[in-house]
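Enquirer: Take a look at the following structure, please.
2 protein chains.
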Amino acid sequence: MRSNGRFAVAVHVLAVLAYQDGDAVSSQRLSASVNTNPVIIRRLLLALKRARLVETRKGPRAGSRLSRSAARISLAEVYRAVRCAEVFGLPCRKPNGECPVGRRIQAVLKPVLASACTALERELAQWSLAEVVETVRKPARRG
Amino acid sequence: MRSNGRFAVAVHVLAVLAYQDGDAVSSQRLSASVNTNPVIIRRLLLALKRARLVETRKGPRAGSRLSRSAARISLAEVYRAVRCAEVFGLPCRKPNGECPVGRRIQAVLKPVLASACTALERELAQWSLAEVVETVRKPARRG
DNA sequence: GACAACTGTAACGTGATCGGTTACATTTGC
DNA sequence: GCAAATGTAACCGATCACGTTACAGTTGTC
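Note that the protein sequences, when read in sequence, are chains H and W.
Residue numbering for the first sequence follows this note's numbering, starting at 1 and increasing by one per position.
Residue numbering for the second sequence follows this note's numbering, starting at 144 and increasing by one per position.
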């Protein structure tokens with residue numbers, strides 16, 4: 001599995017927006033904080049817009065802002081907004097139906113993988129964006 | 144994030160070994176059940192061997208078998224054996240240290256991501272290989 | 001001891017994906 | 001009208017996983 005920084009960047013971007021509390025931030029400034037290209041940020045913002053986490057205005061002095069309070073945005077929502085696929089997938093080729101294990105393994109595995117994904121999101125749901133920003137502001141909280 | 148069937152294939156392979164209960168199975172036969180190439184299976188078996196989940200003998204009539212009872216192998220162990228990287232990674236480029244958020248976001252995020260990974264493994268730890276094989280044998284258990 | 005079966009491993013191709021970059025049409029505040 | 005910003009397409013390059021072929025080494029069987 002390729003290690004993926006997409007989720008971390010998404011939280012980073014949202015944290016900057018929360019930090020500015022209401023002021024619109026351009027993709028240019030966001031990309032400067034993340035240290036990447038504005039287009040990368042805009043592509044990410046598209047996903048966050050689709051999930052109704054941010055709003056974007058065009059034109060000069062415009063940019064993006066949170067569409068609701070940071071306290072009401074959980075990291076699970078962020079994760080769902082930007083993940084491209086589930087953590088676990090089934091292999092593309094179907095197993096051999098002649099084999100008693102191959103014939104049934106995927107059906108057996110499916111609920112197991114689903115429960116693992118659910119556990120992951122349940123954990124992320126414990127954290128709000130506001131808590132992240134608060135910890136950024138003053139180190140060493142919530143041990 | 145690229146959806147990855149490696150974990151599912153690993154469980155599949157181990158399930159076949161558990162199904163044979165003691166008989167050594169060649170990578171040829173395993174690959175026939177998974178419907179892939181023997182070399183893919185052998186590479187996977189290397190990871191499972193490193194994790195002390197299987198043992199392998201060379202020569203004719205040889206192959207691999209479980210190194211302990213299927214009841215004592217949890218899916219969390221399988222996951223740890225074959226994952227290449229953590230579910231979440233940090234982006235390769237470091238954020239901008241001039242930005243108050245960029246300067247601290249990664250340190251704040253790190254324990255959050257770690258707790259999510261832990262939750263994932265804790266869920267997988269609930270399942271043993273023996274339960275998987277049992278469900279393969281007789282459908283519709285453990286609703 | 002020869003043979004055949006099997007593993008371990010290297011080498012290489014390939015297709016998919018992702019981050020990055022440039023470019024440009026479009027929107028909009030001033 | 002102008003300048004600033006987004007939305008989006010096109011393309012490149014690196015990386016990675018899977019697949020395939022090939023071959024040396026190991027070992028049970030005759």
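Beta carbons are placed, not taken as given, at the ideal position from N, Cα and C, and that holds for glycine.
Note that the structure is a prediction, hence the values are computed from the model and not measured.
Starting from Gly-22/H and walking both ways along the alpha helix (DSSP H), at which residues does that stretch end?
Expert: If you number the first sequence from 1, residue 22/H lands on position 22. Where Gly-22/H is concerned, there is no enclosing alpha helix (DSSP H), given that its DSSP letter is neither H nor E.
Enquirer: Please state if the CB of Ala-151/W and the CB of Leu-90/H are separated by a distance shorter than 8 angstroms.
Expert: As a working note, residue 90/H is residue 90 in the first sequence. As a working note, residue 151/W is residue 8 in the second sequence. Pairing Leu-90/H with Ala-151/W gives a Cβ-Cβ distance under 8 angstroms.
Enquirer: Any idea which residues DSSP pairs Gly-63/H with across the strands?
Expert: For the purposes of this step, residue 63/H is taken as residue 63 along the first sequence, with counting starting at 1. Under DSSP, Gly-63/H shares a beta bridge with Arg-57/H.
Enquirer: Give the interface partners of Leu-45/H over in chain W, defined as CB-CB distance under 9 angstroms, in chain order.
Expert: As a position in the first sequence, residue 45/H is number 45, starting the count at 1. What Leu-45/H touches in chain W: nothing, since even the nearest Cβ is about 16 angstroms away.
Enquirer: Under the three-state reduction of DSSP, which class applies to Ser-74/H: helix, strand or coil?
Expert: Against the first sequence, residue 74/H aligns to sequence position 74. Ser-74/H falls in the strand class under three-state DSSP.
Enquirer: Specify the secondary structure class of Ser-33/H as computed by DSSP and reduced to three states.
Expert: For the purposes of this step, residue 33/H is identified with residue 33 of the first sequence, where counting begins at 1. If DSSP states are grouped into helix, strand and coil, Ser-33/H belongs with the helices.
Enquirer: So the candidates are Ser-207/W, Leu-263/W, Gln-171/W; which of them puts its Cα closest to the Cα of Arg-195/W?
Expert: Position 52 of the second sequence, counting from 1, holds the residue named residue 195/W. When only C-alpha atoms are compared, the closest one is Ser-207/W.
Enquirer: Classify Ser-128/H as helix, strand or coil using the three-state DSSP reduction.
Expert: Against the first sequence, residue 128/H aligns to sequence position 128. Strand, per DSSP.
Enquirer: Rounding to the nearest angstrom, what Cα-Cα distance links Ser-69/H and Ala-130/H in this structure?
Expert: Counting from one through the first sequence, the residue named residue 69/H turns up at place 69. Counting from one through the first sequence, the residue named residue 130/H turns up at place 130. Roughly 8 angstroms between the two C-alpha positions.
Enquirer: Is the CB of Arg-211/W under 8 angstroms away from at least one CB in chain H?
Expert: Against the second sequence, residue 211/W aligns to sequence position 68. Chain H contact via Cβ: absent.
Enquirer: Would you kindly report the start and end of the unbroken alpha helix (DSSP H) that includes Val-230/W?
Expert: Mapped onto the second sequence, residue 230/W falls at position 87. No alpha helix (DSSP H) holds Val-230/W; DSSP gives it neither H nor E.
Enquirer: When the distance is taken between beta carbons, is Val-221/W closer than 8 angstroms to Ala-268/W?
Expert: Locating residue 268/W in the second sequence gives position 125, where the first residue counts as 1. Locating residue 221/W in the second sequence gives position 78, where the first residue counts as 1. No.
Enquirer: Report the partner residues of Asn-147/W according to the DSSP bridge assignment.
Expert: Sequence index remark: in the second sequence, residue 147/W carries index 4 (1-based). In DSSP, Asn-147/W forms a bridge with Phe-88/H.
Enquirer: Please state whether DSSP places Arg-247/W in a helix, a strand or coil.
Expert: By one-based count along the second sequence, residue 247/W stands at place 104. Under the three-state reduction of DSSP output, Arg-247/W falls in the helix class.
Enquirer: Kindly indicate if chain W contains any beta-carbon less than 8 angstroms away from that of Ala-24/H.
Expert: Reading the first sequence from its first residue, position 24 is the one you call residue 24/H. So no, Ala-24/H is outside the interface.
Enquirer: Is the CB-CB distance between Leu-173/W and Val-159/W below 8 angstroms?
Expert: For this step, residue 173/W is matched to residue 30 along the second sequence. For this step, residue 159/W is matched to residue 16 along the second sequence. Cβ distance < 8 angstroms, so Leu-173/W and Val-159/W count as in contact.
Enquirer: May I have the straight-line CA-CA distance separating Gly-22/H from Val-87/H, to the nearest angstrom?
Expert: Translated into positions along the first sequence, residue 22/H becomes position 22. Translated into positions along the first sequence, residue 87/H becomes position 87. Straight-line Cα distance between these residues: approximately 33 angstroms.
Enquirer: Considering Cα atoms alone, identify which of Ala-224/W, Cys-227/W, Lys-192/W, Val-168/W is closest to Pro-203/W.
Expert: Here residue 203/W refers to the residue found at position 60 when the second sequence is read from its first residue. For Pro-203/W, the closest of Ala-224/W, Cys-227/W, Lys-192/W, Val-168/W by C-alpha to C-alpha distance is Val-168/W.
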